Amino acid sequence: MANVNLKHVTKKFEDKVVAVADFNLDIEDKEFIVFVGPSGCGKTTTLRMVAGLEEVTEGEIFIDGRLVNHMQPKDRDIAMVFQNYALYPHMTVFENMAYSLKLKKIPKNEIKASVYEAAKLLEIEHLLHRKPKALSGGQRQRVALGRAIVRKPKVFLMDEPLSNLDAKLRAQMRTKISKLHQQLQTTFIYVTHDQTEAMTMGTRIVVMKDGYIQQMDSPQRLYEKPNNLFVAGFIGSPQMNFREVMVEKFGEEIYLKFGKSSIKLPYEKAKKLEELNYLGREVIMGIRPEAIFDQEIYLDSLADCVVEAEVEVVEMLGSEILLNVKIEGTDFIAKVDPQKQVKVGEIIKLALDPGKIHIFDKETEKTIT
Ligand code: ATP
1 MANVNLKHVT
11 KKFEDKVVAV
21 ADFNLDIEDK
31 EFIVFVGPSG
41 CGKTTTLRMV
51 AGLEEVTEGE
61 IFIDGRLVNH
71 MQPKDRDIAM
81 VFQNYALYPH
91 MTVFENMAYS
101 LKLKKIPKNE
111 IKASVYEAAK
121 LLEIEHLLHR
131 KPKALSGGQR
141 QRVALGRAIV
151 RKPKVFLMDE
161 PLSNLDAKLR
171 AQMRTKISKL
181 HQQLQTTFIY
191 VTHDQTEAMT
201 MGTRIVVMKD
211 GYIQQMDSPQ
221 RLYEKPNNLF
231 VAGFIGSPQM
241 NFREVMVEKF
251 GEEIYLKFGK
261 SSIKLPYEKA
271 KKLEELNYLG
281 REVIMGIRPE
291 AIFDQEIYLD
301 SLADCVVEAE
311 VEVVEMLGSE
321 ILLNVKIEGT
331 DFIAKVDPQK
341 QVKVGEIIKL
351 ALDPGKIHIF
361 DKETEKTIT
């Protein structure tokens with residue numbers, strides 16, 4: 001078992017900079033947890049506190065039920081993989097991987113077995129005799145992973161381990177690390193600023209901003225039910241489109257009005273806005289690019305939600321087209337069918353799926369519905 005529990009953990013640097021504020025998280029055994037957020041949000045500091053490389057200012061950290069606040073990193077039964085690999089240049093791959101086991105005075109034949117087992121898992125058996133300088137970036141990163149694996153830690157901590165790799169290799173290593181997690185059946189805590197990495201790897205994602213947790217959820221829930229404007233904008237690529245709109249009631253129906261355009265809301269969303277006294281007030285509307293349609297069938301069935309858009313850029317991605325358009329003076333991106341011929345400068349009609357619209361409070365930026 002390797003649960004990790006953070007209770008009211010705060011980190012202040014020089015008693016001023018609050019890098020992490022009242023962080024509470026219970027990580028279950030075998031979970032793949034990802035900390036994600038923009039630069040400076042406190043994700044590395046949190047990981048370093050779990051590793052024991054940074055002191056906790058307030059709060060408690062437990063690994064496997066044991067309070068570790070004052071425990072040395074080497075006694076915590078964790079292994080950390082860094083962005084810069086941190087391999088010993090004068091040692092071969094085998095020696096790099098064997099090093100921590102040697103220090104523990106493990107018998108030679110056991111060390112050899114462990115290193116070969118990890119090398120096989122990572123497909124680097126043929127590189128064991130080489131020195132790090134004779135390896136590619138991707139191979140070095142595998143060695144760094146191998147060095148962590150041989151120690152059979154209770155928890156793997158990874159800080160942006162793929163950020164020095166090119167895009168293609170990064171995608172391959174993402175899959176490799178996800179597979180490793182399944183094979184090793186161990187708790188992983190992974191730090192990244194890249195939301196794609198977080199979404200594809202994490203079983204649970206912790207989105208952070210300015211030292212605070214914004215939301216902790218499965219990738220799907222983060223995508224479909226973001227708690228606030230920040231999470232909505234951070235998760236998803238291309239990102240969610242936003243626009244300030246007015247909530248207005250005509251007859252029995254409630255509309256979001258902006259410029260000459262209006263979107264009729266479905267009953268549940270309309271009811272919520274009315275109950276919470278948003279009629280006659282401005283809110284922020286959010287809609288993902290794939291919830292905007294240009295096909296006739298949607299323009300007919302969603303006739304109360306159709307807007308005019310001026311096409312500014314057409315990006316052909318093969319399986320889809322990204323249309324950069326202006327709607328009532330605001331930039332929107334729509335992901336549409338590649339069959340359709342659209343020209344720059346053209347005025348087209350687009351339907352905004354009202355069931356997929358997110359509505360945020362303008363002041364608090366929290367999700368209303
Ligand atoms: P990045 O993605 O850029 O690595 P991060 O989310 O990992 O960012 P942290 O490195 O945890 O962020 O830093 C959080 C905050 O703490 C930042 O404001 C940073 O400047 C500050 N900070 C980090 N380390 C120190 C330090 N040793 N002394 C003072 N302030 C620090």
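Per full-length UniProt numbering, the sequence shown runs over residues 1 to 369. All residues carry an ideal CB built from backbone N, CA and C; glycine is no exception. Since the structure is predicted, the reported quantities are computational estimates derived from the model, not experimental observations.
If you check the beta carbons only, do V206 and I63 fall under 8 Å apart?
-> At the C-beta level, V206 and I63 stay beyond 8 Å of one another.
Inspect the CB distances between the stretch 7–27 and the stretch 80–94 and report whether three or more fall short of 8 Å.
-> no
When every heavy atom of ligand 1 is checked, does at least one fall within less than 7 Å of the C-beta of K43?
-> yes
Rank D331, S301 and L302 by C-alpha distance to the C-alpha of V311 and give the top, closest one.
-> D331
So A309 and I348 are in contact, right, with Cβ under 8 Å, and what is the actual spacing, rounded?
-> 6 Å
Are the stretch 313–320 and the stretch 274–284 in contact at 8 Å, needing three or more beta carbon pairs?
-> no
Proximity of E253 and K264 at Cβ, strictly below 8 Å = yes
In three-state DSSP terms, what is V342?
-> coil
Can you tell me which of L302, G202 and R288 puts its alpha carbon nearest to the alpha carbon of N324?
-> Nearest to N324 by C-alpha distance, out of L302, G202 and R288, is R288.
Please name the residue in K16, E54, G65 and K104 whose C-alpha comes closest to that of N3.
-> G65
Within its chain, find whatever has a CB closer than 7 Å to the CB of T192; leave out the 5 residues flanking it on each side and keep chain order.
-> V34, V36, E160 and A198
Going by DSSP, name the residue or residues bridged to V81.
-> M158
Rounded to whole angstroms, what's the CA-CA distance from V165 to L6? Just pull it up for me.
-> Residue identity check: residue 165 is Leu in the sequence provided, not Val. For L165 and L6, the distance between alpha carbons rounds to 31 Å.
If we call anything under 8 Å between Cβ atoms a contact, is L350 one with D294?
-> yes
Through-space distance from V143 to E117, alpha-carbon basis = 13 Å
Collapsed DSSP secondary structure at A2 in the structure displayed | Looking at A2 - three-state DSSP - the assignment turns out to be coil, as it is neither helix nor strand.
Using a threshold of 7 Å, is the CB atom of F32 nearer than that to any non-hydrogen atom of ligand 1?
-> no
Endpoints, the alpha helix (DSSP H) within which A167 is located | From DSSP, the alpha helix (DSSP H) with A167 extends over A167 to L184.
If you draw a straight line from the alpha carbon of F13 to that of A19, how long is it in whole angstroms?
-> 7 Å
Own chain partners of Q214 with C-beta closer than 6 Å, once the 5 adjacent residues on each side are dropped | V207, F230 and V231
Whole alpha helix (DSSP H) runs in the stretch 30–64 with 4 or more residues, listed along the chain?
-> Counting only runs of 4 or more, we get 43–51.
First and last residue of the uninterrupted beta strand (DSSP E) at I297 = Per DSSP, I297 belongs to no beta strand (DSSP E); it is in the alpha helix (DSSP H), E296 to S301.
Check: F234 C-beta below 7 Å from any heavy atom of ligand 1 = no
Could you have a look at M91 and say whether DSSP puts it in helix, strand or coil?
-> coil
What's the call for L180, buried or exposed, on a 16-neighbour Cβ count within 10 Å?
-> buried
Nearest to T187 by alpha carbon, out of I111, D337 and A79?
-> Nearest neighbour of T187 by Cα position, chosen from I111, D337 and A79, turns out to be A79.
With a cut-off of 8 Å on the beta carbons, I'd call V307 and I333 a contact; round off their distance for me.
-> Their Cβ separation, rounded to whole angstroms, is 14 Å, which puts V307 and I333 out of contact at 8 Å.
Can you tell me the Cα-Cα spacing of L162 and G286, whole angstroms?
-> Cα to Cα, L162 sits roughly 31 Å from G286.
Which residue from P38, F94 and F156 puts its Cα closest to that of R48?
-> F156
Examine chain D for any beta-carbon lying closer than 8 Å to the beta-carbon of I359, and answer yes or no.
-> Note that chain D does not occur in the displayed structure, where there is just one protein chain.
How close, in whole Å, do the beta carbons of T92 and H126 come, if the pair is a contact with beta carbons under 8 Å?
-> About 13 Å separates the two Cβ atoms, so there is no contact after all.
Taking DSSP as the reference, what is the three-state secondary structure of M201?
-> helix
Is I189 closer than 8 Å to V283 when the C-beta atoms are compared?
-> no
Helix, strand or coil: which one does DSSP assign to Q239?
-> coil
Would you kindly work out how many angstroms separate the C-alpha atoms of T200 and R174, rounded to a whole number?
-> 8 Å
With 16 other Cβ atoms within 10 Å as the buried cut-off, status of Y267 | Around the beta-carbon of Y267, fewer than 16 other beta-carbon atoms lie within 10 Å, marking it exposed.
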